[in-house]
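> Dropping a structure here in structure tokens format, bear with me for questions.
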Amino acid sequence: MAAASDLTRTEVGLFERLRNNRNFLGLLFMLPAGVLLLVFLTYPLFLGVWLGLTDVKVGRPGRFIGLENYFWLFEDSVFWLSVFNTFLYTVVASIIKFVLGLWLAMILNNHIPFKAFIRAIVLMPFIVPTVLSALAFWWIYDSQDSVISWILIEMGLIDTTIDFLGQPNSARASVIAANIWRGIPFVAITLLAGLQTIPPSLHEAATIDGATDWQRFRHITFPLLTPIIAVVMTFSVLFTFTDFQLIWVMTRGGPINATHLMATLSYQRAIVGGSLGEGAAIATAMIPFLLSAILFSYFGLQRRKWQQGGRDD
Amino acid sequence: MADVEICDVRKSFGATEVLHGVSISIPDESFTVLVGPSGCGKSTLLRMIAGLEEITSGDIVIDDEIVNRVPPKQRDIAMVFQNYALYPHMKVFDNMAFSLKLAKIDQAAIDKAVHEAAAILNLEDYLDRYPRQLSGGQRQRVAMGRAIVRKPRVFLFDEPLSNLDAKLRVQMRTEIRELHQRLKSTSIYVTHDQIEAMTMADQIVVMRDGYIEQTGAPLDLYDYPNNVFVAGFIGSPAMNFIAGEVRHSDGRAEVVAGDGTVLGEVEANGAAAGRPVLYGMRPEHFVLAGENEGLPMDISVVEPTGAEILVVGRLGGCEVQIAFKERHDLRYGQRIHLKPRPGMAHLFDQETGEVLR
Ligand SMILES: Nc1ncnc2c1ncn2[C@@H]1O[C@H](COP(=O)(O)OP(=O)(O)O)[C@@H](O)[C@H]1O
Ligand SMILES: [Mg+2]
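Taken in sequence, the protein lines are chains A and B.
Mapped onto the working numbering, the consecutive letters of the first sequence carry residue numbers 1 to 313.
Mapped onto the working numbering, the consecutive letters of the second sequence carry residue numbers 1 to 357.
Rendered as structure tokens:
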């Protein structure tokens, strides 16, 4: 009797253990997602890094050449120019997107007439496909038929059309402006969501405590918004740093490489020029920057001590 | 230290008027409680005094100055919110010091004021914590601390205790009262809980649907309610109302319930014969009578609370509650006889709800 029951218990036990083991089940359920990640994210990433270590060209298998591509890039002034451009583009565009986005969000958070309508308009740049908006900007910035030039001439402010994309610095300013236009909705709408999580009674309490509008922003709104600002700006920086479409459609990196970002340069060298290895190396060179941005936000983003549910007492 | 005068104040949100001409006189150093059911406009009125809502018409006067157009920060008032509205990103100290910092008071004075307030409220050990690390009662105290460090002319409280558990509520009630006796600042306190109103107020203002039903000292409201609403709202358990009519016989007036039970004699100057009335009698104003004297009632529920026994049954065709301080041995289904205490009956006009005196 005793032996029999022992026997069954062992059998059931083995089966049940697997069925009820949370770790095993967790692993099981994670597997599909894990495989997808591996195939579609990790594999291309490692392939890219690997290609950067070879001299593969389109139509010709390459061989391993170590860090030679990187040595080349190190000597390459166009590469360094693209690094400079990328940083300029990212820093300037992100700061302006942040300031304008926050300002817009605060306006939208007030009781204003036609709120829903205005919100819809703010979201517009986000919905328009990038290529389409890039084409629109291309036209807006046209050296002959630019609306901006036309308006300024009509107003009597300038005599000749501005060659927006023809001069290095104006081209840089122009693509940055286009990127800002495109990026603001994301920043504004997300910050608006953040603003709406701040209970109105805090503002009322601060008002009664004697805070002016600016002091309320400075001491209540801004500090309470910092967690969401960190998230939004991390994403914004990542998107801007890796931007490709806008530039490629509008300038192809020109004039004289003045608007080449690392992403566009990589594409040009790899796909247009056929030097896959070199292009991959440029792309790989972006990784440390992106990684540091992510790490920065990871540590910067950690729950504030005062936040609900934080563990870091 | 200030008196507050509210003169025929109205408030509309869009087309809906929620306060229909409210006038209250709040003497200096008094503790005035606005009480009424949810949605009657108490918070709205308080927020108008604070300057958080615009005044549609009428005047609010603090210390002989009409403050209708004075921004909140210049009114020198402090407010304790129902959800406390503590700044989550500031430690307790900074929460309490915030208004003083904005007023550019020097650090030594701020330290002194905050520590003084913290000592009064038993918060000294918590100055270094964030609000989320505090219990409900402690948060409540911080909210009060934030108000008292400024030594404002007027304190406003908007249901400050309604998020606390019952026991803490009773305790904080006393603490707020003590605080008021110590600081003597004019206080206006909003609650929907009539017990809070009764226990804390110097003056109670009973509100309903944007009107003031009655203003007076707690016991005056209890003893002399002006209408059925106040009579039913003040006092717990609530006053019993039995529908009936007044009959005159031999120069005496009696109230007869709908089912013919003669409830008792009343002084009925205004109560014309045959007039439909509500006979109001508080649960604690019945006494147990002998079998042949009183009004018969069959007990349907007995609820002993320890301090008293609550008995529910039907009397004169209406359900009534009776509270006995004495420990009678009463059971479900038992028939008892009751006598109303003489002179304790309230008569109300059934149609208007106004008291008949
Ligand atoms: N901002 C507002 N907009 C429209 N109606 C409001 C607003 N605030 C309050 N009310 C209405 O005014 C009435 C009184 O509200 P309130 O003063 O909050 O009541 P109480 O504090 O007595 O519960 C309610 O009917 C409420 O719906
Ligand atoms: Mg309220």
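A virtual CB, placed ideally from N, CA and C, is assigned to each residue, including glycine.
1. Please confirm whether any heavy atom of ligand 2 lies closer than 7 Å to the CB of B:D158.
2. Can you list, in chain order, the residues of its chain whose CB lies under 6 Å from that of A:W248, leaving out five sequence neighbours each side?
3. Mapping the DSSP letters down to three states, classify A:R19 as helix, strand or coil.
4. Here's a check: name, in chain order, each residue in its chain whose Cβ is nearer than 8 Å to the Cβ of B:E124, leaving out the five neighbours to either side.
5. Taking only beta-carbon positions, decide if A:Q215 is within less than 8 Å of chain B.
6. In chain B, what lies closer than 9 Å to A:I107 by C-beta?
7. Taking the alpha carbon of B:S187 as the point to measure from, which residue in B:L347, B:Y126 and B:I62 has its own alpha carbon closest?
8. Taking the alpha carbon of A:L246 as the point to measure from, which residue in A:F114, A:F235, A:S201 and A:H260 has its own alpha carbon closest?
9. Take A:G194 and list the residues in its own chain whose beta-carbon comes closer than 6 Å to its own, dropping the five residues that flank it on each side.
10. With distances taken between CB atoms, is the gap from B:G51 to B:V70 smaller than 8 Å?
11. Using a C-beta cutoff of 8 Å, does A:M1 count as contacting chain B?
12. Since A:S266 contacts A:G279 with CB under 8 Å, what's their CB separation in whole angstroms?
13. Taking a cut-off of 5 Å, which residues have a beta-carbon closer than that to any heavy atom of ligand 1, in chain order?
14. On the DSSP bridge list, what partners appear for B:E265?
15. So which residues on chain B does A:L224 lean against when the C-beta distance must stay under 9 Å?
16. In this structure, does DSSP put A:Q245 in helix, strand or coil?
17. For A:I228, name the three-state secondary structure that DSSP assigns.
18. Quick check on this structure: which residue in B:E29, B:V301, B:P225 and B:Y222 has the alpha carbon closest to the alpha carbon of B:L183?
19. What does a CB cutoff of less than 6 Å around B:I336 pick up in its chain, not counting 5 residues either side in sequence?
20. Can you grab the Cα-Cα spacing for the pair B:H248 / B:D349, in whole Å?
21. Quick check: the Cα distance between A:L25 and A:G34, rounded to an integer number of angstroms?
22. Does the pairing of the region 116-124 of chain A with the region 166-180 of chain A give three or more beta-carbon distances under 8 Å?
23. Please report the residue range of the alpha helix (DSSP H) in which A:D213 lies.
24. Starting from A:L202, find everything on chain B with Cβ-Cβ shorter than 7 Å and list it in chain order.
25. Using only the alpha-carbon positions, how far apart do A:T90 and B:P72 sit?
26. Classify B:E54 as buried or exposed, calling it buried when 16 or more other Cβ atoms lie within 10 Å of its own Cβ.
27. Please determine if the region 38-47 of chain B and the region 90-97 of chain B are in contact, where contact requires at least 3 C-beta pairs separated by less than 8 Å.
28. With 8 Å set as the bound, which would you pick, yes or no: does the beta-carbon of B:S12 sit closer than that to a beta-carbon of chain A?
29. Helix, strand or coil: which one does DSSP assign to A:A4?
30. B:L52 versus chain A: which residues are under 8 Å apart at the beta carbon?
31. Check whether the region 153-166 of chain A touches the region 63-83 of chain A, taking contact to mean three or more Cβ pairs, one atom from each stretch, closer than 8 Å.
32. For chain A, find out if any of its Cβ atoms is closer than 8 Å to the Cβ of B:P72; answer yes or no.
33. For B:G280, which residues does DSSP report across the bridge?
34. Classify B:G324 as buried or exposed, calling it buried when 16 or more other Cβ atoms lie within 10 Å of its own Cβ.
35. Against chain A, with Cβ distances strictly below 8 Å, would B:A117 count as a contact?
Based on what the coordinates show:
1. Position 158 of the second sequence holds residue 158 of chain B. Yes, the beta carbon of B:D158 sits closer than 7 Å to at least one heavy atom of ligand 2.
2. Within the first sequence, residue 248 of chain A is the residue found at index 248, counting from 1. Once the five neighbours on either side are set aside, the close Cβ partners of A:W248 are T264.
3. The residue you call residue 19 of chain A lines up with position 19 of the first sequence. Note: A:R19 maps to helix in three-state DSSP.
4. Along the second sequence, one-based indexing puts residue 124 of chain B at 124. Result list for B:E124: H115 and A118, in chain order.
5. The count along the first sequence starts at 1 and reaches residue 215 of chain A at position 215. Yes, A:Q215 lies at the interface with chain B (some Cβ there is under 8 Å from its Cβ).
6. Within the first sequence, residue 107 of chain A is the residue found at index 107, counting from 1. Those do not exist, as A:I107 stays about 21 Å from chain B at its closest Cβ, beyond 9 Å.
7. Translated into positions along the second sequence, residue 187 of chain B becomes position 187. That would be B:I62, whose Cα lies nearest to the Cα of B:S187.
8. Numbered from its first residue, the first sequence carries residue 246 of chain A at position 246. Considering only alpha carbons, the answer is A:H260.
9. Against the first sequence, residue 194 of chain A aligns to sequence position 194. Closer than 6 Å at Cβ, skipping near neighbours: L225 and I228.
10. Here residue 51 of chain B corresponds to residue number 51 of the second sequence, with the count starting at 1. Here residue 70 of chain B corresponds to residue number 70 of the second sequence, with the count starting at 1. Yes, the pair counts as a contact, with Cβ atoms nearer than the cut-off.
11. The count along the first sequence starts at 1 and reaches residue 1 of chain A at position 1. Only weak support exists for where A:M1 lies, its pLDDT of 45 falling under 50; the value from the coordinates is given anyway. False, the Cβ-Cβ gap to chain B never drops below 8 Å.
12. Locating residue 266 of chain A in the first sequence gives position 266, counting from the first residue. Locating residue 279 of chain A in the first sequence gives position 279, counting from the first residue. Right, the Cβ-Cβ distance comes to about 5 Å (below 8 Å), so this counts as a contact.
13. B:F13, B:V18, B:S38, B:G39, B:C40, B:G41, B:K42, B:S43 and B:T44
14. Mapped onto the second sequence, residue 265 of chain B falls at position 265. Answer by DSSP bridge pairing, in chain order: B:E254.
15. Position 224 of the first sequence, counted from the first residue, corresponds to residue 224 of chain A. Neighbours of A:L224 on chain B, chain order: Y87, P88 and H89.
16. In the first sequence, counting from the first residue as 1, residue 245 of chain A sits at position 245. Residue state, collapsed to three classes: helix.
17. If you number the first sequence from 1, residue 228 of chain A lands on position 228. Helix at A:I228.
18. The residue labelled residue 183 of chain B in the question sits at position 183 within the second sequence. Per the Cα distances, B:E29.
19. The residue you call residue 336 of chain B lines up with position 336 of the second sequence. M297, listed in sequence order.
20. Working through the second sequence from its first residue, we reach residue 248 of chain B at position 248. Working through the second sequence from its first residue, we reach residue 349 of chain B at position 349. Cα to Cα, the separation comes out at about 16 Å.
21. Within the first sequence, numbered from 1, the residue matching residue 25 of chain A stands at position 25. Within the first sequence, numbered from 1, the residue matching residue 34 of chain A stands at position 34. The alpha-carbon atoms of A:L25 and A:G34 are separated by roughly 14 Å.
22. no
23. Walking along the first sequence from the start, residue 213 of chain A turns up at place 213. Taken as a continuous stretch (DSSP letters only), the alpha helix (DSSP H) holding A:D213 covers D213 to R216.
24. Counting from 1 along the first sequence, the entry for residue 202 of chain A is found at position 202. Result: A85 and Y87.
25. Here residue 90 of chain A refers to the residue found at position 90 when the first sequence is read from its first residue. Here residue 72 of chain B refers to the residue found at position 72 when the second sequence is read from its first residue. Straight-line Cα distance between these residues: approximately 43 Å.
26. In the second sequence, counting from the first residue as 1, residue 54 of chain B sits at position 54. Exposed, by the Cβ-count rule.
27. no
28. As a first step, residue 12 of chain B must be located in the second sequence, where it is residue number 12. Answer no: the Cβ-Cβ gap between B:S12 and chain A never drops below 8 Å.
29. Taking the first sequence and counting its residues from 1, one reaches residue 4 of chain A at position 4. Because the pLDDT of A:A4 is 48, which lies under 50, any placement of that residue in the model is unreliable, and the number read from its coordinates should be weighed accordingly. Correct three-state label for A:A4: helix.
30. Here residue 52 of chain B is taken as the residue at index 52 of the second sequence, counted from 1. Correct list: E204, T207 and I208.
31. no
32. Position 72 of the second sequence, counted from the first residue, corresponds to residue 72 of chain B. Interface residue, yes.
33. Position 280 of the second sequence, counted from the first residue, corresponds to residue 280 of chain B. Beta-bridge pairing links B:G280 to B:F241 and B:H346.
34. Position 324 of the second sequence, counted from the start, is the residue given in the question as residue 324 of chain B. For the record, residue 324 of chain B in the displayed sequence is Phe; it is not Gly. Buried, because 16 or more other Cβ atoms sit within 10 Å of the Cβ of B:F324.
35. Your numbering for residue 117 of chain B matches position 117 in the second sequence. Not an interface residue.
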